[in-house]
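For the sequence shown, my numbering begins at 462 and goes up steadily by one.
All C-beta atoms in this analysis are idealised placements derived from N, C-alpha and C, irrespective of residue type, glycine included.
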Amino acid sequence: MMSQKKIGLVAIATPLWFLTVYLAMSAMRPDYAHTDQAISELGSLDAPNLWAWNVLGYILPGFAVALLGIGLRREFMGRGLRANGPAMALVAAGLLMALSGAFPANMADFKSTTTLLHTVGSFGCYIAFLVAGFWLPSLFRKVNSWRWAATPSLALVIASIFTGFLRFAGMASIGQRITFLCFFLWVGLVGWALWRASSSSAPHNNSSKPKPLRGSA
Numbered sequence: 462m463m464s465q466k467k468i469g470l471v472a473i474a475t476p477l478w479f480l481t482v483y484l485a486m487s488a489m490r491p492d493y494a495h496t497d498q499a500i501s502e503l504g505s506l507d508a509p510n511l512w513a514w515n516v517l518g519y520i521l522p523g524f525a526v527a528l529l530g531i532g533l534r535r536e537f538m539g540r541g542l543r544a545n546g547p548a549m550a551l552v553a554a555g556l557l558m559a560l561s562g563a564f565p566a567n568m569a570d571f572k573s574t575t576t577l578l579h580t581v582g583s584f585g586c587y588i589a590f591l592v593a594g595f596w597l598p599s600l601f602r603k604v605n606s607w608r609w610a611a612t613p614s615l616a617l618v619i620a621s622i623f624t625g626f627l628r629f630a631g632m633a634s635i636g637q638r639i640t641f642l643c644f645f646l647w648v649g650l651v652g653w654a655l656w657r658a659s660s661s662s663a664p665h666n667n668s669s670k671p672k673p674l675r676g677s678a
């Protein structure tokens with residue numbers, strides 16, 4: 462079983478991994494326009510090297526996000542806190558992201574089965590992320606070693622929602638990229654928090670509850 466520290470490190474590395482793959486794959490396509498085309502078009506059915514992008518850019522990062530959800534469940538359940546709901550929402554977000562990579566979009570037929578499954582994966586991933594992102598800060602605030610992460614993690618979730626306005630302002634591709642940025646920064650931030658909490662020598666329980674003194678009645 463992978464340790465909490467290693468899960469944290471995987472989550473920290475995930476944003477850098479995605480950015481590296483994105484820049485490398487887009488650089489291989491001189492016709493690809495960052496401001497006009499969706500990220501999914503790097504792995505659409507008509508794209509060159511579509512499986513390289515879908516595996517490296519969607520499926521592997523999706524598994525990393527799901528792994529982070531498992532790590533968070535273990536972390537907070539071990540402290541006596543109810544974490545099944547938000548942790549499993551994050552696991553679902555990761556698996557749905559992987560699903561969107563397993564079914565590339567057909568840009569010539571938006572009603573095709575593969576496009577519909579890709580869309581379900583993409584939108585489902587984001588909805589599950591919102592559930593986890595709004596729920597987890599309430600757990601973070603209950604543990605001293607996690608309290609610092611509550612506000613910035615929630616701010617990234619809210620910022621990802623406001624990027625939706627760009628999509629209605631004729632800047633859909635830019636809005637999508639900022640949403641991805643907020644999502645992966647959140648993953649890296651929470652991964653860092655998990656790594657820090659696992660590196661500390663604090664007792665692994667709910668630190669918000671005072672302990673009785675030895676010898677007390």
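With fewer than 16 other CB atoms across the displayed protein chains lying within 10 angstroms of its CB, residue 512 is exposed. Taking the Cβ atoms as the reference, residue 606 lies roughly 7 Å from residue 657, within the contact range of under 8 Å.
Here residue 548 is actually not in contact with residue 523; their C-beta atoms are around 16 Å apart, not less than 8 Å. Residue 642 sits away from residue 613, with the two beta carbons spaced by 8 Å or more.
Taking residue 476 as the centre and dropping the five residues before and after it, the same chain places the C-beta of 645, 646, 648 and 649 closer than 7 Å to its C-beta, in chain order. One thing to note: residue 634 has its Cβ within 8 Å of the Cβ of residue 498.
Residue environment analysis places residue 537 among the buried positions, since at least 16 neighbouring C-beta atoms fall within 10 angstroms of its C-beta.
When the Cα atoms are used, residue 481 and residue 653 turn out to be separated by approximately 19 Å. Three or more Cβ pairs closer than 8 Å define a contact, and the segment 547-565 meets that threshold against the segment 585-595. One Cα belongs to residue 504, the other to residue 565, and the distance between them is close to 6 Å. Here residue 525 has 471 and 475 as same chain residues with Cβ atoms under 6 Å from its own Cβ, once five neighbours each way along the sequence are excluded. Burial state of residue 540 is buried, judged by a 10 Å Cβ sphere holding 16 or more other Cβ atoms.
The continuous stretches of alpha helix (DSSP H) do not include residue 604, and DSSP gives it neither H nor E. Nearest C-alpha to residue 640 among 624, 631, 629 and 628: 624. Per DSSP, the unbroken alpha helix (DSSP H) holding residue 657 starts and ends at 633-660. For residue 545, the three-state secondary structure derived from DSSP is helix.
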